[in-house]
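Enquirer:
In mature numbering (1 follows the signal peptide of the UniProt record, and there is no 0), the protein residues as written are -29 to -1, 1 to 366.
1. When you compare only the Cα positions, how much space is there between residue 292 and residue 122?
2. Using the Cα positions of residue 15 and residue 141, report the straight-line distance between them to the nearest angstrom.
3. Could you work out which residue in 244, 66 and 309 is closest to residue 78 when comparing CA atoms only?
4. Among residues of its own chain, excluding the 5 on either side of residue 75, which ones have a beta-carbon nearer than 6 Å to its beta-carbon?
5. May I have the straight-line CA-CA distance separating residue 50 from residue 258, to the nearest angstrom?
6. Going along the chain, which residues of its own chain have a beta-carbon closer than 7 Å to the beta-carbon of residue 176, five neighbours each way excluded?
7. How should residue 232 be labelled, buried or exposed, when 16 other C-beta atoms within 10 angstroms of its C-beta is the threshold for buried?
8. Should residue 129 and residue 344 be called a contact, given that it needs their Cβ atoms to be closer than 7 Å?
9. Go ahead and label residue 227 buried or exposed: buried means 16 or more other beta carbons lie within 10 angstroms of its beta carbon, across all protein chains shown.
10. How many whole angstroms separate the CB atoms of residue 249 and residue 199, which I take to be in contact at a CB cut-off of 8 Å?
11. Provide the residue(s) that pair with residue 216 in DSSP beta bridges, ordered along the chain.
12. In terms of residue numbering, what span does the alpha helix (DSSP H) encompassing residue 195 cover?
13. Please state whether DSSP places residue 365 in a helix, a strand or coil.
14. On the DSSP letters alone, give me the boundaries of the alpha helix (DSSP H) that residue 231 sits inside.
15. Any idea if residue 290 is buried or exposed, counting beta-carbon neighbours within 10 angstroms, 16 or more meaning buried?
16. Could you tell me whether the Cβ atoms of residue 294 and residue 274 are closer together than 7 Å?
17. Check this for me: beta carbons of residue 271 and residue 251, under 7 Å apart or not?
18. Residue 125 CB to nearest chain D CB: under 7 Å?
19. Measure the C-alpha to C-alpha separation of residue 191 and residue 222 and round it to an integer number of angstroms.
20. Secondary structure at residue 80, three-state DSSP: helix, strand or coil?
21. In three-state DSSP terms, what is residue -20?
22. Roughly how many whole angstroms lie between the Cα atoms of residue 348 and residue 85?
23. Apart from the five residues just before and just after residue 230, which ones in its own chain have a Cβ nearer than 8 Å to its Cβ?
24. Between residue 245 and residue 269, how many whole angstroms is the CB-CB distance? I'm expecting something under 8 Å.
25. May I ask you to report which of helix, strand or coil DSSP gives residue 39?
26. Taking just the CA atoms, how far does residue 145 sit from residue 304?
27. Using the DSSP secondary-structure output, state which residues sit across from residue 112 in a beta bridge.
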């Protein structure tokens, strides 16, 4: 499975800050063994509270009203790659939802190639698109064609994508809107930081404040970068924990580089009892296989909850934990959100949060992937397809 990718120098790829980012911050050790300073009991109590809240989940009520669907819209959905489940899943879900409301929805495969992204945007302009959705393609990689699209009157919408006013780009805002996650005006970056914090809290909690972590670290993918920031800030509250980074770049996604780098990082830290990956894709690309070298009972934590990752958790490993991101549901939410933009109506909270998942808690069964907060039967607690159908007055 490939990852979500973006930006000119960066390839693309929930209200959780209260669960993780508000933890006390102190120095986090680094190296091959855990620090000698034990973790403060008060910190452990705070972390345990955060983990229990994460098990409960942070989904919120869905919208209860919506403007009429704008008819006969020509939507182009440009995916970072249809070979990457983290891109393909929300893309296909958005196409399905768009077709339900009567829109023409064209899926265009970016194939993880910057020039292809630009060419597809220009094709959408030529095809008289009313709106373009970029799925895990950041504005920074396609500024010029987006400016052309805006000049042509095309609405630009971001799904798991960062606009050009992101601090990493420092450019002019070009999106007409993007899907908000985490509630209120929570920026996507903060939502992702919250996911990372949830994973860190889980690792701290399960190791009783004595985690020795191999962190898979990637700065050239904004999705991964912001998840990593949240993880590192939360782990820094654990004075009895240590971490070493294994640097991964987008170029490593091809071949066996991810697995070999992860294996080398684990070998350098023989006392490791946890591995953290900022996206599930890296686990299926080789981090999971490399993690088999860890002692029994070790933790492999990721972000997402796609079918192969949930399958690993259910089977006892190598992946053992995930902070959920509902890739299918966000595709449906994006249609409701985009329609509000097309109707010149304010965007509203779509109710999407996250939930902590391990073999004993919230394991998705029906379907066997994370599709929103999970009920006692292993199914999504919210039937969002039915709810959106009612909102959109579908027969």
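No residue lacks a Cβ here, since even glycine has one placed at the ideal position from N, Cα and C.
Expert: For this structure:
1. The sequence position of residue 292 within the chain shown is 321, counting from 1. The sequence position of residue 122 within the chain shown is 151, counting from 1. C-alpha separation (whole angstroms): 45 Å.
2. By one-based count along the chain shown, residue 15 stands at place 44. By one-based count along the chain shown, residue 141 stands at place 170. Cα to Cα, residue 15 sits roughly 38 Å from residue 141.
3. Your numbering for residue 78 matches position 107 in the chain shown. Here the closest residue by C-alpha is 66.
4. What you label residue 75 is simply residue 104 of the chain shown in a count that begins at 1. Closer than 6 Å at Cβ, skipping near neighbours: 45.
5. Against the chain shown, residue 50 aligns to sequence position 79. Against the chain shown, residue 258 aligns to sequence position 287. Their Cα atoms are separated by approximately 24 Å.
6. Counting from one through the chain shown, the residue named residue 176 turns up at place 205. Around residue 176: 18, 19 and 22.
7. Here residue 232 refers to the residue found at position 261 when the chain shown is read from its first residue. Classification for residue 232: buried.
8. Position 158 of the chain shown, counted from the start, is the residue given in the question as residue 129. Position 373 of the chain shown, counted from the start, is the residue given in the question as residue 344. Not closer than 7 Å, so no.
9. Your numbering for residue 227 matches position 256 in the chain shown. Around the Cβ of residue 227, a 10 Å sphere holds fewer than 16 other Cβ atoms; the residue is exposed.
10. On the chain shown, residue 249 is found 278 positions in, with the first residue counted as 1. On the chain shown, residue 199 is found 228 positions in, with the first residue counted as 1. So it is a contact: roughly 5 Å between Cβ atoms.
11. On the chain shown, position 245 is the one that residue 216 refers to. BP columns for residue 216 point to 186.
12. Residue numbering aside, residue 195 sits at position 224 when the chain shown is read from its first letter. Run containing residue 195: 193 to 206, per the alpha helix (DSSP H) assignment.
13. Along the chain shown, one-based indexing puts residue 365 at 394. Residue 365: coil per DSSP, three-state reduction.
14. Position 260 of the chain shown, counting from 1, holds the residue named residue 231. Counting along the chain, the alpha helix (DSSP H) containing residue 231 begins and ends at 228 to 239.
15. Within the chain shown, numbered from 1, the residue matching residue 290 stands at position 319. With 16 or more other Cβ atoms within 10 Å, it is buried.
16. Walking along the chain shown from the start, residue 294 turns up at place 323. Walking along the chain shown from the start, residue 274 turns up at place 303. Going by C-beta atoms, residue 294 is nearer than 7 Å to residue 274.
17. Here residue 271 refers to the residue found at position 300 of the chain shown. Here residue 251 refers to the residue found at position 280 of the chain shown. No, the Cβ-Cβ distance between residue 271 and residue 251 is not below 7 Å.
18. As a matter of chain content, chain D is missing from the structure shown, which is built from one protein chain.
19. Position 220 of the chain shown, counted from the start, is the residue given in the question as residue 191. Position 251 of the chain shown, counted from the start, is the residue given in the question as residue 222. In a straight line, the C-alpha of residue 191 is about 10 Å away from that of residue 222.
20. In the chain shown, counting from the first residue as 1, residue 80 sits at position 109. In this structure, residue 80 counts as strand in the three-state DSSP scheme.
21. Looking up residue -20 in the chain shown gives position 10. Confidence at residue -20 is low in this model, with a pLDDT of 39, below 50, so the placement of that residue should be treated as unreliable; the coordinate-derived value is given next. It is coil, neither helix nor strand.
22. Position 377 of the chain shown, counted from the start, is the residue given in the question as residue 348. Position 114 of the chain shown, counted from the start, is the residue given in the question as residue 85. Going by the C-alpha atoms only, they are around 43 Å apart.
23. Residue mapping note: residue 230 aligns to position 259 of the chain shown, counting from 1. Taken in chain order, the residues that qualify are 256, 257, 258, 260 and 261.
24. By one-based count along the chain shown, residue 245 stands at place 274. By one-based count along the chain shown, residue 269 stands at place 298. Indeed they touch by this definition, with Cβ atoms about 6 Å apart.
25. Walking along the chain shown from the start, residue 39 turns up at place 68. Correct three-state label for residue 39: coil.
26. In the chain shown, counting from the first residue as 1, residue 304 sits at position 333. In the chain shown, counting from the first residue as 1, residue 145 sits at position 174. Answer to the nearest angstrom: the Cα atoms are 21 Å apart.
27. The residue labelled residue 112 in the question sits at position 141 within the chain shown. Looking at the DSSP assignment, residue 112 forms no beta bridge with any residue, so it has no partner.
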